[in-house]
Amino acid sequence: MTDESLKSRVETWMVKQMPIIQMHGGTSMVREADPETGQVVVELGGTCSGCGISNVTAQNIKRDMYMEFEEIEDVQVKVPSTGDTGADTVEGGRGGDVQYSNESAGHF
Numbered sequence: 008m009t010d011e012s013l014k015s016r017v018e019t020w021m022v023k024q025m026p027i028i029q030m031h032g033g034t035s036m037v038r039e040a041d042p043e044t045g046q047v048v049v050e051l052g053g054t055c056s057g058c059g060i061s062n063v064t065a066q067n068i069k070r071d072m073y074m075e076f077e078e079i080e081d082v083q084v085k086v087p088s089t090g091d092t093g094a095d096t097v098e099g100g101r102g103g104d105v106q107y108s109n110e111s112a113g114h115f
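Quick note on our numbering: the sequence shown kicks off at 8 and runs consecutively.
Okay, structure coming up:
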């Protein structure tokens, strides 16, 4: 185990393992990665919003994260219904302020 944070490791993994998100005009951002609880929250945006296979992408991310990171207990992948993203990006086209049409805590 390295000293690198879980969030950083998950983001690096997303850049390497899920380039198809960016290739298709989507974005992703790791919003939460808590090593204490094992909870990870990833948001998909851009063209992922309204995409007919975004649910398949979400399931693939979940399955692969469970296999890759032994400390992860729960993965939530959120896909906004609006597709609005902010201008902030980081490596791999990730980042931005993904916004939801329904921001209630239990929406996803």
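We put the beta carbon where it would ideally sit given N, CA and C, even for glycine.
For residue i: DSSP bridge partner residues
{"i": "Thr-34", "result": "Gly-52"}
{"i": "Gln-24", "result": "Partner(s): none; Gln-24 has no beta bridge."}
{"i": "Val-47", "result": "Ala-40, Val-82"}
For residue i, three-class secondary structure by DSSP
{"i": "Val-86", "result": "coil"}
{"i": "Glu-39", "result": "strand"}
{"i": "Val-105", "result": "Low per-residue confidence applies at Val-105: pLDDT is 45, beneath 50, and the placement is therefore not dependable, though the value from the model is reported in the following sentence. Here Val-105 sits in coil by DSSP."}
{"i": "Gly-93", "result": "At Gly-93, the pLDDT of 38 sits below 50, so the modelled position is not reliable and the matter cannot be decided from this model."}
{"i": "Ser-15", "result": "helix"}
{"i": "Glu-77", "result": "coil"}
{"i": "Ile-118", "result": "The chain is shown from 8 up to 115; residue 118 falls before or after that span and cannot be answered."}
Nearest residue (CA-CA) to residue i, options the options
{"i": "Gln-24", "options": "Thr-54, Asp-71, Gly-52", "result": "Asp-71"}
{"i": "Gln-66", "options": "Pro-42, Val-86, Thr-34", "result": "Val-86"}
{"i": "Met-30", "options": "Ala-40, Cys-55, Lys-14", "result": "Cys-55"}
{"i": "Asn-62", "options": "Tyr-73, Val-84, Met-74, Pro-42", "result": "Val-84"}
{"i": "Met-36", "options": "Thr-64, Val-22, Glu-11", "result": "Val-22"}
{"i": "Pro-42", "options": "Ser-12, Glu-75, Tyr-73", "result": "Ser-12"}
**Three-pair Cβ contact test at 8 angstroms for the segment 77-88 versus the segment 38-54** = Segments in contact, yes.
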